[in-house]
Structure formats: structure tokens, C-alpha cells
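One structure is given below, encoded as C-alpha cells.
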Amino acid sequence: MKKSLFFLLIPLLFRLSLFAGEGMWIPMLLQQLNEKEMQEMGMNITAEDIYSINHSSLKDAIVLFGRGCTAEIISDQGLLLTNHHCGYGAIQRHSSIEHDYLTDGFWAMNKEEELANPGLSVTLMVRMEEVTAKVLEDVNDSMTEAERSAKIKENSDKLIEEFEKDSDYQAVIKPFFKGNAYYMIITETFKDIRLVGAPPSDIGKFGGDTDNWMWPRHTGDFSVFRIYTDKSGKPAEYSKENIPYQPKYHLPISIKGVDEGDFTFVFGYPARTNEYLPSCAVKMITESGNPHKIKLRQTRLDIFNEHTVNNPGVRIQYASKDARVANYWKKMIGESAGIQRMRGIEKKEAYENEFLAWAVSSPELEEKYGGLLPAFQSAYSQLEPLSLAFDYLREAGLGIELVNFARYFSHLTELSQANGLNEEAISEEITKLKNKTDGFFKDYYSPIDKEVMVALLKLYDENLAPEYKPAFFNTIHNKYKNDYASYTQYVFGKSMFDNEQSLNEYLNAYQPKHYKKLEKDPAFQMASDLKNLYVYRIQPGMNGINRKLDSLQRIYMKAQMEMAPDKRFYPDANFTLRVTYGMIDGYNPKDAVYYKPYTTLKGIMEKEDPAIYDYVVEDKLKELYQNKDYGDYADEDGSIHVCFVASNHTTGGNSGSPVLNSDGELVGVNFDRCWEGTMSDLMYDPQVCRNISLDIRYFLFIVDKFAGAGYLVDEMDIVN
Ligand code: ARG
Ligand code: ASP
């Protein structure tokens with residue numbers, strides 16, 4: 003009896019200890035820190051297969067896509083796979099009412115039809131090197147934080163210059179572990195990236211913002227691009243003569259499928275996490291910052307919705323903006339709720355008590371670390387009002403599109419008033435502003451912005467201390483007696499920024515002395531007031547405190563590592579390439595509810611609702627479902643799997659990242675996290691933190707069966 007109970011417990015213990023899932027690991031340290039554990043969890047390949055500087059490895063197939071996503075190379079002709087929401091901007095830019103690729107999807111049926119995307123680039127990491135000692139040379143503890151930063155910058159610039167002078171590659175140096183370690187990242191950036199295909203939004207964005215951050219999920223969140231290079235295989239600006247990139251490595255794609263309990267890892271570019279904050283910081287973020295920002299975004303979203311719901315033209319214009327505002331609105335709600343549910347602040351406090359006990363356990367420790375926690379307390383209490391003022395500036399002040407647009411013209415006024423006018427710089431600036439103006443008006447609908455302005459001004463006024471309000475509130479209070487609507491009417495009536503024609507006329511006929519007209523423009527004045535508020539009030543205060551916090555955090559990180567010398571620490575995400583691993587795993591979101599780890603096509607049919615924009619299902623997809631026309635892409639169970647969840651620790655930036663199986667084959671594309679686990683940027687809870695991925699077989703099924711672009715599948719290496 004005893005014996006059998008013991009054996010029953012083994013898998014459970016095994017599971018808890020082995021499959022924690024937390025951690026975003028540095029590729030070049032995998033062998034040292036993670037390989038053994040990854041192999042115990044089921045991995046059949048080696049750390050060297052993932053990251054190698056001696057031969058091609060998985061890392062040669064992973065790129066940073068655009069400014070904030072990951073993508074992977076899936077053919078020997080530079081074919082690139084990422085999320086639909088990562089390619090969204092590009093797809094939208096090629097869309098119009100006549101060619102609505104957002105709604106209808108887009109498929110280049112041959113390479114000639116692929117679409118160029120000026121401004122879009124992807125970056126490959128060639129290798130990384132630890133450079134801590136060189137970066138910290140001549141840095142010492144008696145330096146002020148400013149002196150320290152200056153020295154670090156000087157050392158880093160020197161190293162980068164030395165490297166770049168004999169190389170075609172670029173280098174950056176980034177701090178890890180809060181500035182306790184530094185790595186040089188060597189990169190190659192490709193600039194001719196063409197759109198190959200995207201499903202219609204009712205597949206690529208199925209469930210829309212309603213399902214965003216949620217499980218169970220049925221989104222076909224992918225889009226396909228291709229990297230082009232010059233004839234010699236080197237990165238180059240777009241040219242018709244360019245050829246498809248021949249990568250060092252591309253990912254094989256497995257159609258074997260995944261099962262609960264299977265090992266997976268995610269290889270990509272997580273942007274930012276803050277796992278080592280003290281409890282007071284987590285409290286500030288989740289109980290003060292988030293609630294204010296949520297309210298401000300909610301206000302904008304409601305107004306967007308009112309205007310777009312029955313207006314398809316405006317809906318296209320606002321699609322990208324709406325998705326952007328809604329995304330972090332919902333994330334913040336989930337994050338605050340998640341910290342509360344896991345009692346995150348209490349957990350951090352308990353940890354801090356332990357830390358404190360250790361930190362006063364000897365006079366030497368006490369001298370170095372005894373004052374850390376109270377110092378954090380005092381710094382964060384000074385930071386809080388400034389941070390709120392900054393949030394309002396960005397979310398309320400610059401949430402008014404007109405004002406946000408007007409601020410781009412401030413450089414022109416500076417150039418126009420400089421001693422010794424630089425005509426060339428002015429004319430370059432005018433060209434830039436004309437482009438900006440085209441882009442702005444393509445997606446601008448002033449009835450929305452007017453309503454947003456009235457609502458945001460009111461919230462701004464009601465929620466912030468007077469010393470942190472921009473100067474235009476004086477006018478609103480004194481001249482307009484707090485009538486936000488008539489102030490808004492005045493701004494829109496008088497400003498040239500909501501009139502494309504007058505703005506273009508102004509730019510076309512621009513002479514330096516015309517800057518005065520800008521300075522008299524009320525939208526430009528609002529932008530200037532916000533800038534002054536930032537430059538003279540918010541920034542000076544924040545800078546000082548942030549310097550202090552940088553130093554405290556660096557010391558706290560070092561102290562925590564010293565307190566637990568046997569513990570493996572991972573550095574916070576900083577937009578460098580990382581590996582995170584876990585397993586396919588369902589979860590309990592709440593009492594009595596268990597979520598399975600995968601969804602199927604049947605679920606799409608269940609969610610279908612032609613009356614709701616987010617849940618429209620294409621006829622073609624229904625037909626394929628009814629006829630079970632699944633090709634080789636069905637699971638053993640006979641259904642098409644759409645998405646799955648796993649316990650890989652991911653964050654923003656990991657979107658588009660490959661999910662790989664124990665043989666290093668592509669089985670999914672990461673695109674989201676489940677709502678209950680969105681606090682993982684601050685604290686990871688293995689019970690509920692799950693990343694959401696597209697099952698690679700759904701991608702293949704849509705490309706081949708739905709879009710009829712099977713020629714793309716022929717390009718890929720499919721493994722049975
Ligand atoms: N939540 C995902 C991420 O943070 C997907 C966002 C795009 N989708 C959307 N419905 N807004 O990027
Ligand atoms: N959806 C996110 C992204 O775009 C991923 C996440 O936050 O989990 O990177």
C-alpha cells in the first residue's frame with residue numbers, strides 16, 4: 003500500500019520539480035545552465051544544435067521582425083513565418099476598399115506578386131559575446147550613477163567601434179541582470195522584406211479583441227513574408243534585382259502534432275519583463291498605474307467602437323489603432339487581476355522578509371544590503387506621482403491624435419529659428435512632414451478624435467494633481483469654465499492639423515518665417531505644453547529617481563544572487579534572443595474548470611456568429627470542415643487542431659516565435675498568453691501561466707487547402 007502510494011506520487015513530484023516553465027534563458031549559456039534539464043524533460047537535441055558559433059544551428063533561422071516581433075525562416079528561399087498581428091501594419095498599408103487584404107487575405111501566387119514593404123526590416127543574431135569586464139573597466143563604487151553610465155557608454159562605444167570597423171555586421175551592447183553583466187550582440191539586418199501571404203482577418207484575427215489574451219482560442223494568427231538580398235547574398239535595400247535569401251539554416255516543420263505533456267521550447271525575442279521588482283513596485287504598477295491607464299484606454303475604445311461599428315471605411319482606418327490600444331488595455335486588466343489572485347504582493351513581501359533576515363545576518367552584509375528595501379520604498383513613493391503624471395501625458399494628452407500629430411512639427415520650428423539657417427535640413431524636414439501628413443490622414447477620422455479629446459481632457463483634469471497638468475488647462479479653466487467640449491471645438495475650429503489640404507498648402511509654401519503660424523496653432527500649442535511639462539517637471543524628477551532605482555536594482559539583483567548561490571537566475575527580457583521551455587499543458591483557470599491544452603476546427607464552427615464581426619466564418623472553411631477535407635494536416639484524432647497552450651514563459655515580442663518540439667522541429671507559432679497568466683511579466687505562476695500558439699498544421703491546412711497556395715508548402719521541409 004505504502005509502496006504503491008509512493009509510486010503514484012513520483013510522477014507528480016517529478017512534474018512539479020521539473021516542469022516549472024519559468025525563465026527566459028540566454029542561448030549561449032544553455033549548455034551550462036539548461037541542457038541537462040531540457041533533455042530530462044524530453045529534448046533529443048543538444049544546446050549546440052540550438053546555438054552554435056561553429057556551425058549552422060537553430061538560431062540562424064530566428065529573426066527579430068520589424069520593431070516588436072519574432073519570425074522564423076522556414077525554407078531555403080528565405081520564407082519567413084510570423085503572426086498575422088505582426089504583419090498587420092504591412093497588410094493594412096497595402097489595403098484599400100478596392101483591395102481589402104485585411105478582410106479578404108492576400109496570396110502572392112508567385113514571387114513576382116510578392117509586395118515590398120519599405121521601412122520593414124528583420125535582424126538576425128550572428129553571435130553574442132560576454133563583455134562584462136571590458137564594459138565595466140574603470141567603473142568603481144565611488145562613482146555617481148551618472149558617472150558610471152557615462153563610463154559604461156564610453157567603454158561600450160569603443161568596443162562597438164572596434165568591432166564594426168572590420169566587419170560587415172553591426173553590434174550592440176546590452177546590460178543583463180540589471181547591469182551586473184554585459185553582452186555584445188552581433189547582428190545582420192535585412193531590409194528587403196516582401197509580403198507573401200496572409201489569411202483573411204476572420205481567420206488571422208478570428209475572435210478579434212474579444213478573444214485576445216484568452217483561452218480557448220481559435221485564431222489563425224500568421225502571415226508569411228520573404229527575405230531578399232542582393233545578388234551576393236548580402237542585405238540590401240529593396241530592388242527588383244534582389245534575390246531570395248539563402249539562410250544558413252531553416253526550420254523543418256513537423257506534422258506529427260503535439261500532445262499533453264510533450265516538451266516544447268520557444269526561441270525568440272521577448273521584449274521586457276520585470277521579475278525582480280520589490281513588492282512596493284509591483285503594488286504601484288498593479289494597483290495605481292494600471293487602473294488609471296485601463297480607464298483612459300477604455301474611454302477611447304468605447305468611442306472608437308461607436309464610430310466604427312457601422313462604418314466599414316472608418317473600421318479599416320482604425321483597425322490597427324484599435325488593436326493597439328485594446329491589446330494593452332486588456333493585458334493590464336489581466337495583469338492586475340493575476341497578481342491579486344496569486345497574492346503576488348504578499349509573496350514578494352514574504353520573500354523580502356527572508357531577504358532582510360539574510361541581509362542583516364552579518365555586519366558586512368548589513369553594511370552593503372541592509373538599507374536596500376527601505377530605500378526602494380522611499381524611491382517608489384517619490385516616483386508614483388511622477389509616473390502617474392507621465393501616464394496621463396502619454397495616455398490622455400497624446401491619446402488625442404491631433405495633438406500627437408502636431409508634436410512632430412516642433413523640430414521644424416526649431417530649425418526655422420536657428421542662427422544661420424540650414425536650408426537643406428529644413429527642406430528635408432518638410433519632406434518628412436509631408437510623408438507623415440499623408441500617413442496621418444490616411445487613417446484619421448476627426449469625429450472620433452473630437453469626442454476622444456473631450457472625454458480625455460475631462461479625465462485628465464479630474465484625476466491629476468494641479469502641478470502635473472499641462473498649461474492648456476489654465477485656458478480650459480479660466481476662459482472655458484471647464485467646458486471641455488467648447489474648448490475642443492475652438493481647437494479644432496482654429497487648428498490646421500485636422501485639415502489635410504491646408505496643412506499641405508502650408509508645407510508646400512513653407513518659408514522659415516512661417517514657423518510663427520505653427521506656434522499660434524492651438525493643437526501645436528497643446529503639444530508644446532505637454533512637451534514643456536515633460537521637459538521641465540516630469541523628466542527632471544523621474545531621471546533622478548530612476549538613476550537611484552537603477553543603482554538599487556543592480557545591487558538588489560547582485561544581493562539576491564549572493565543569497566542563493568545555487569539557484570539559477572535568468573535575466574529579465576531585454577529584446578535579446580532567448581530560449582524558454584516547458585510542456586504542452588492544460589490548466590485550471592478557476593474552481594471546477596479545467597481547460598484542455600488544444601482547440602480544434604469544431605470550436606470555430608461553435609463560435610461562429612455571422613452577426614458578430616469577430617466570429618464570422620468563411621464559407622470555404624465551413625466547406626472544408628464539412629467534407630473533412632484535411633489533407634495530411636489532421637491529428638491522429640481525425641480533427642484539425644487550431645491552437646495549443648504550453649507552460650513556456652513568454653512575453654510581448656515573443657509573438658511570432660517558433661514553438662519547437664523535442665527534435666527541434668517547428669510545431670507551432672507563439673502569439674499570445676492566456677489572460678489568467680498575463681502577470682508573468684512581473685511574477686510567473688506555473689499553475690496558470692500559459693503561452694498560446696498556433697498549431698503549425700492549421701497554418702499548413704489554411705495555406706494549402708483554404709488559400710490554394712500549396713506551392714509554398716512545397717518549398718518547406720515537412721517531417722512526418
Ligand atoms: N495579445 C497579443 C499580443 O500581445 C496579440 C495582440 C494582437 N491581437 C489583437 N486582437 N489586438 O501581441
Ligand atoms: N501577443 C504578444 C506579442 O505580440 C505576446 C505576449 O505578450 O504573450 O508579442
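In this text, residue positions in the sequence shown follow the working numbering: the first is 3, and each later residue adds one. Cβ coordinates follow ideal geometry from the N, Cα and C atoms, glycine included. Nothing here was measured: the structure is a model prediction, and the numbers come from that model.
Residues bridged to CYS71 [DSSP beta-bridge criterion]
In the sequence shown, the residue the question calls residue 71 occupies position 69. For CYS71, which the question treats as bridged, DSSP gives the partners PHE67.
Helix or strand or just coil, what does DSSP make of ASP621?
If you number the sequence shown from 1, residue 621 lands on position 619. In the structure shown, ASP621 sits in a helix (DSSP, three-state: H, G or I).
Is DSSP giving ASP719 helix, strand or coil here?
On the sequence shown, residue 719 is found 717 positions in, with the first residue counted as 1. If DSSP states are grouped into helix, strand and coil, ASP719 belongs with coil.
ASN722 and LYS258 closer than 8 Å at C-beta:
What you label residue 722 is simply residue 720 of the sequence shown in a count that begins at 1. What you label residue 258 is simply residue 256 of the sequence shown in a count that begins at 1. Contact flag set, yes.
To the nearest angstrom, how far is the alpha carbon of ILE55 from that of GLN34?
In the sequence shown, residue 55 corresponds to position 53, counting from 1. In the sequence shown, residue 34 corresponds to position 32, counting from 1. Each residue's Cα considered, the two are about 15 Å apart.
Run the proximity test for ARG675: is its beta-carbon closer than 7 Å to any non-hydrogen atom belonging to ligand 2?
In the sequence shown, the residue the question calls residue 675 occupies position 673. Yes, since a heavy atom of ligand 2 falls inside the 7 Å radius drawn around the Cβ of ARG675.
Kindly indicate which three-state DSSP category TYR90 falls into: helix, strand or coil?
The residue given as residue 90 occupies position 88 in the sequence shown. Three-state DSSP puts TYR90 in a helix.
Quick check on the burial criterion: 16 or more other C-beta atoms within 10 angstroms. Buried or exposed for SER19?
As a first step, residue 19 must be located in the sequence shown, where it is residue number 17. With a pLDDT of 42 at SER19, under the threshold of 50, the predicted position of this residue should be treated as unreliable, and no value is reported.
ASP442 versus VAL198: straight-line alpha-carbon distance, rounded:
Position 440 of the sequence shown, counting from 1, holds the residue named residue 442. Position 196 of the sequence shown, counting from 1, holds the residue named residue 198. A quick correction: the sequence has Phe, not Asp, at residue 442. Rounded to whole angstroms, PHE442 to VAL198 spans 26 Å at the Cα level.
How many angstroms separate the CA atom of SER682 from the CA atom of ASN693?
For this step, residue 682 is matched to residue 680 along the sequence shown. For this step, residue 693 is matched to residue 691 along the sequence shown. Taking the straight line joining both Cα atoms gives about 10 Å.
Could you check which residue in LYS193, ALA381, TYR700 and ALA183 has the C-alpha nearest to that of LEU626?
For the purposes of this step, residue 626 is identified with residue 624 of the sequence shown, where counting begins at 1. Among LYS193, ALA381, TYR700 and ALA183, the Cα nearest to that of LEU626 belongs to TYR700.
Can you tell which of PHE708, ILE698 and ILE341 has the C-alpha that lies nearest to the C-alpha of MET718?
Position 716 of the sequence shown, counted from the first residue, corresponds to residue 718. Cα-wise, what sits closest to MET718 is ILE698.
Check whether the Cβ atoms of ALA408 and LEU417 sit closer than 8 Å, and answer yes or no.
Against the sequence shown, residue 408 aligns to sequence position 406. Against the sequence shown, residue 417 aligns to sequence position 415. Result no, Cβ atoms of ALA408 and LEU417 do not sit closer than 8 Å.
Contacts around GLY107, its chain only, beta-carbon distance under 6 Å, and the 5 residues preceding and following it disregarded:
Position 105 of the sequence shown holds residue 107. Only ALA200, PRO201 and PRO202 meet the Cβ criterion.
Which one of GLU164, ASP204 and ARG302 has the shortest CA to CA distance from LEU623?
The residue labelled residue 623 in the question sits at position 621 within the sequence shown. Nearest option by C-alpha distance: ASP204.
Closest by C-alpha distance to GLY640, when choosing among LEU603, PHE646 and ASP665:
Taking the first residue of the sequence shown as 1, we reach residue 640 at position 638. Measuring from the Cα of GLY640, the nearest candidate turns out to be LEU603.
Going by the C-beta, is ASP211 closer than 7 Å to any heavy atom of ligand 1?
Counting from one through the sequence shown, the residue named residue 211 turns up at place 209. Yes, since a heavy atom of ligand 1 falls inside the 7 Å radius drawn around the Cβ of ASP211.
What does a CB cutoff of less than 6 Å around ALA566 pick up in its chain, not counting 5 residues either side in sequence?
As a working mapping, residue 566 is identified with position 564 in the sequence shown. Excluding positions up to five away in sequence, the list is empty.
Nearest-angstrom beta carbon gap, ASN510 and HIS294 [assumed within contact, 8 Å]
Here residue 294 refers to the residue found at position 292 when the sequence shown is read from its first residue. Here residue 510 refers to the residue found at position 508 when the sequence shown is read from its first residue. Between ASN510 and HIS294 the Cβ distance is about 42 Å, and since that is not below 8 Å, they are no contact.
Would you mind sorting MET111 into buried or exposed? The rule is 16 or more other CB atoms within 10 Å of its CB.
One-based indexing of the sequence shown puts residue 111 at position 109. Answer is exposed; the Cβ neighbour count stays below 16.
For the alpha helix (DSSP H) that contains ALA594, what are its first and last residues?
Along the sequence shown, read from residue 1 onward, the residue named residue 594 stands at position 592. That residue, ALA594, is in no alpha helix (DSSP H); it is neither H nor E in DSSP.
What's the gap between the Cα of LYS4 and the Cα of LEU554?
The sequence position of residue 4 within the sequence shown is 2, counting from 1. The sequence position of residue 554 within the sequence shown is 552, counting from 1. Model confidence at LYS4 stands at a pLDDT of 43, short of 50, so the residue's coordinates are unreliable; what they give is reported in the following sentence. Rounded to the nearest angstrom, the two C-alpha atoms are 51 Å apart.
Excluding the 5 residues flanking PHE708 on each side, which residues of the same chain have their C-beta closer than 8 Å to its C-beta?
As a working mapping, residue 708 is identified with position 706 in the sequence shown. Counting only Cβ-Cβ distances below 8 Å, and skipping sequence neighbours, we find PRO201, ILE205, GLU620, LYS622, LEU623 and LEU626.
Sorted by chain position, which residues of the same chain lie with C-beta nearer than 6 Å to ASN36's C-beta, five sequence neighbours on each side aside?
Sequence index remark: in the sequence shown, residue 36 carries index 34 (1-based). Same-chain partners within the cutoff: TRP27.
Going by the DSSP bridge assignment, what does GLY199 pair with across the sheet?
In the sequence shown, counting from the first residue as 1, residue 199 sits at position 197. The partner list for GLY199 (beta bridge, DSSP) reads TRP109 and VAL226.
Answer yes or no: do ASN157 and LYS560 have a C-beta to C-beta separation smaller than 8 Å?
Here residue 157 refers to the residue found at position 155 of the sequence shown. Here residue 560 refers to the residue found at position 558 of the sequence shown. Not closer than 8 Å, so no.
When the Cα atoms are used, what is the spatial distance from MET45 to SER664?
Within the sequence shown, residue 45 is the residue found at index 43, counting from 1. Within the sequence shown, residue 664 is the residue found at index 662, counting from 1. Cα to Cα, MET45 sits roughly 4 Å from SER664.
For the segment 488 to 495 against the segment 519 to 528, do three or more pairs of beta-carbon atoms, one drawn from each stretch, fall closer than 8 Å, so that the two count as touching?
yes
Between the CA atoms of PRO472 and VAL537 - distance to the nearest angstrom:
On the sequence shown, position 535 is the one that residue 537 refers to. On the sequence shown, position 470 is the one that residue 472 refers to. Whole-angstrom Cα-Cα distance: 11 Å.
ASP574 to LYS61 span [Cα, whole Å]
In the sequence shown, residue 574 corresponds to position 572, counting from 1. In the sequence shown, residue 61 corresponds to position 59, counting from 1. Cα-Cα distance, rounded: 20 Å.
Beta-carbon separation (whole angstroms), MET334 vs ASN292, contact threshold 8 Å:
Working through the sequence shown from its first residue, we reach residue 334 at position 332. Working through the sequence shown from its first residue, we reach residue 292 at position 290. Right, their Cβ atoms sit about 4 Å apart.
Could you check which residue in GLU430, ALA487, SER58 and ILE195 has the C-alpha nearest to that of ARG228?
For this step, residue 228 is matched to residue 226 along the sequence shown. Checked all of GLU430, ALA487, SER58 and ILE195; the closest Cα to ARG228 is ILE195.
Would you call the segment 373 to 383 in contact with the segment 271 to 283, where contact means no fewer than 3 C-beta pairs closer than 8 Å?
yes
If we require 3 or more residues per run, which beta strand (DSSP E) segments fall completely within the segment 626 to 695?
643 to 648, 660 to 662 and 668 to 675
Name the one or two DSSP bridge partners that LYS176 has.
On the sequence shown, residue 176 is found 174 positions in, with the first residue counted as 1. Looking at the DSSP assignment, LYS176 forms a beta bridge with TYR185.
Any chance the segment 643 to 661 sits against the segment 66 to 83, with 3 or more Cβ pairs inside 8 Å?
yes
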